[in-house]
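In this text, residue positions in the sequence shown follow the working numbering: the first is 57, and each later residue adds one. Below is one structure; the comments refer to it alone.
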Amino acid sequence: MAVPFAAAAVIPAVASASPVVNSVHRTPGGGYDELMVPSVMGPIKVQVQWAKNGGSSALLLLDGLRARDDRNAWSFETNAQDQFANDDVTLVMPVGGQSSWYADWASPSNTNGQKFTYKWETFLTQELPAYLANNYGVSQKNWAVAGLSMSGPAALRLGAFHRDQFKYAASFSGPLNWNAPGMREAIRAMMLDAGRFNCDALAVPWSPQWLKMDPMVFAPQLRGLPMYISASSGLPGQYDHPNSAVGVFNTGTAMGIEAISMVSTRAFQARLNSLHIPASYDFPSAGTHSWLYWQDELGKARPGILAALGASAG
C-alpha cells in the first residue's frame, strides 16, 4: 500500500541448515551487519543493527508493499537506526517480500512467473530467530515487531499467533479490516501493481488462510499483547511539500490511501474495544501515507517497545 516503495524479489535456492555457533556478536554492540540467512525461499538478506550493550532482545521492522530487493526501507527512508542507536535492542530489518504480506502463501504467484512459494511467516518466526539465536545470541523469545501499510496487519498477526516470540506489536497506517466491502479487490489491484502478484496465490478467497490474515478475525488472539496502532487523517501535513506535477499526484495518492487506512484502523479500534482489549492509539489530524510520518510513529512507539522487551534506553 505504501506509495514510495519499489520492486523486490527473493532469489530461490535450496536452503541449508544454519550452523550452531557458540558465539555472540561478531560486530561490536551498536554496530551494523548485513547477513544472508538461509530459508526455504532461498537466502534472505537481513540488515541488523546490534543492541548497544549486547542485549538479547530484538525489534523486527517490516517493509511495505513495494519492498525492495537491496535494502529495507526503514534503513534509508527513516532514522530508525538512529532512534535505537543507544538502546539495548537489536534492530532486525529483512529485505524483500514485495506484495507478500509477510505470510506463508498457498502457492507461487502465476501472474508473474514466480518460481517458489512465499513462506515469510515461517522465515520470520522459525528460520530467522533460530539463526540469530544460534549464531549471535539473540533471544528467540523477546522480540517486538512493527510494520507499516502492508506490514501493519502482518505485525499484528505475528504478535497474535506467535506469542512465545513477540512481546509487542505496532501497526502504522495498516489495512486492518480485510473483509470490508471491496477490500479484497483493492488488495488484488495493489498486488498486481506491485510486482504483478496474484492475490489468489496468497490465499483462496474467504478460505481459513485468508481469514487468518484479517485482524478483525484474529483480534481475540491479541488479548494481553501490548500494542501501538496508528493512522493519520490523510490531510497534508508537515512533510508534504509537492513541487511538481508528479509530486502533487503522489501526494494525492498518499492522501487517499491514508484516509482508507484511517477508516480501517478506526474500525479495528472499535473491534478491540468490543472485546475489551486495550491498545495504545494515535490518530494525528494531519499526515499522509508516507515514510516520515511512520518514522514519527515509530518514535512514539519506542518507549512501549523498550518497556515490553525490558531493554534499557540510551
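Beta carbons are placed, not taken as given, at the ideal position from N, Cα and C, and that holds for glycine.
DSSP three-state assignment for Val77, whether helix, strand or coil
With a pLDDT of 41 at Val77, under the threshold of 50, the modelled position of that residue is not reliable, and no figure is offered here.
Taking all protein chains shown into account, do 16 or more other C-beta atoms lie within 10 angstroms of the C-beta of Leu204, making it buried, or fewer, making it exposed?
By the 10 Å Cβ count, Leu204 comes out buried.
Among residues of its own chain, excluding the 5 on either side of Asp338, which ones have a beta-carbon nearer than 7 Å to its beta-carbon?
Taken in chain order, the residues that qualify are Ser286, Glu353, Lys356.
Suppose the cutoff is 6 Å on Cβ atoms and the five residues either side in sequence are ignored; what does the same chain contact list for Trp350 look like?
The residues are Leu204, Phe228.
Which whole-angstrom value is the C-beta distance of Val104 and Tyr88, which I expect to be below 8 Å?
Going by Cβ atoms, the distance from Val104 to Tyr88 rounds to 7 Å, so yes, they are a contact pair.
Please report how far the alpha carbon of Phe217 lies from the alpha carbon of Leu278, in whole angstroms.
Within the model, the alpha-carbon separation for Phe217 versus Leu278 is close to 8 Å.
Short of 6 Å in beta carbon distance, which residues of its chain neighbour Glu133, apart from the five on each side in sequence? Order them along the chain.
Excluding five sequence positions before and after Glu133, the CB atoms of its chain that fall closer than 6 Å to its own CB belong to Trp347, given in chain order.
Just curious, the alpha helix (DSSP H) that Phe172 is in, first and last residue?
From DSSP, Phe172 is part of no alpha helix (DSSP H); its letter is neither H nor E.
Indicate whether Ala136 and Trp130 have their beta-carbon atoms separated by less than 7 Å.
With respect to Trp130, Ala136 sits close: the two C-beta atoms are nearer than 7 Å.
Around the C-beta of Leu116, are 16 or more other C-beta atoms found within 10 angstroms, so that it is buried, or is it exposed?
The residue in question, Leu116, is buried, as its Cβ has 16 or more Cβ neighbours within 10 Å.
Could you tell me which of Asp138, Arg127, Trp161 sits nearest to Val151, measuring between CA atoms?
Minimum Cα distance to Val151 is reached at Arg127.
Would Pro359 be called buried (16 or more neighbouring beta carbons within 10 Å of its own) or exposed?
A residue is called buried once 16 or more other Cβ atoms fall within 10 Å of its Cβ, and Pro359, having fewer, is exposed.
Quick one: measure Cβ to Cβ for Leu365 and Val145, integer angstroms, because I've assumed they're closer than 8 Å.
With 8 Å as the limit, Leu365 and Val145 qualify as a contact, their Cβ atoms being about 6 Å apart.
Identify whether Ile285 lies in helix, strand or coil by the three-state DSSP scheme.
In this structure, Ile285 counts as strand in the three-state DSSP scheme.
Would you be able to state if there are at least three C-beta pairs under 8 Å between the stretch 170-179 and the stretch 152-160?
For the pair of segments examined, the stretch 152-160 was found to touch the stretch 170-179: the number of CB pairs separated by less than 8 Å reaches three.
Using the three-state DSSP reduction, which class does Tyr337 fall into: helix, strand or coil?
Note: Tyr337 maps to strand in three-state DSSP.
Cα-Cα separation, Thr344 to Val302
Approximately 16 Å between the Cα atoms of the pair.
Measure the alpha-carbon distance for Leu232 versus Val194 and round it to whole angstroms.
Between Leu232 and Val194, the C-alpha separation is close to 30 Å.
Ser289 and Ser330 closer than 7 Å at C-beta:
Going by C-beta atoms, Ser289 is not nearer than 7 Å to Ser330.
Could you round the C-beta distance between Arg327 and Met272 to whole angstroms and report it? I think they count as a contact, below 8 Å.
Distance from Arg327 to Met272 at the Cβ level is roughly 5 Å; contact confirmed, criterion being Cβ atoms closer than 8 Å.
Exposure label - Met92; buried when at least 16 CB within 10 Å
Met92 sits exposed, since fewer than 16 C-beta atoms from the chains shown fall within 10 Å of its C-beta.
Under three-state DSSP, which class holds Ala210?
Three-state DSSP puts Ala210 in a helix.
What's the gap between the Cα of Ser95 and the Cα of Gly215?
Whole-angstrom Cα-Cα distance: 21 Å.
For my contact list, Ser155 and Met247 are in at a C-beta cut-off of 8 Å; report their separation, rounded to the angstrom.
Rounded to the nearest angstrom, the Cβ distance from Ser155 to Met247 is 4 Å, consistent with a contact under 8 Å.
Endpoints, the beta strand (DSSP E) within which Thr146 is located:
Counting along the chain, the unbroken beta strand (DSSP E) around Thr146 starts and ends at 146-150.
Alpha carbon to alpha carbon, how far is Ala141 from Gly86? Give it in angstroms, no decimals.
In this structure, the CA atom of Gly86 is about 6 Å from the CA atom of Ala141.
Mind listing, in chain order, the continuous alpha helix (DSSP H) runs of no fewer than 4 residues lying wholly within the stretch 312-369?
Whole alpha helix (DSSP H) segments, 4+ residues: 347-365.
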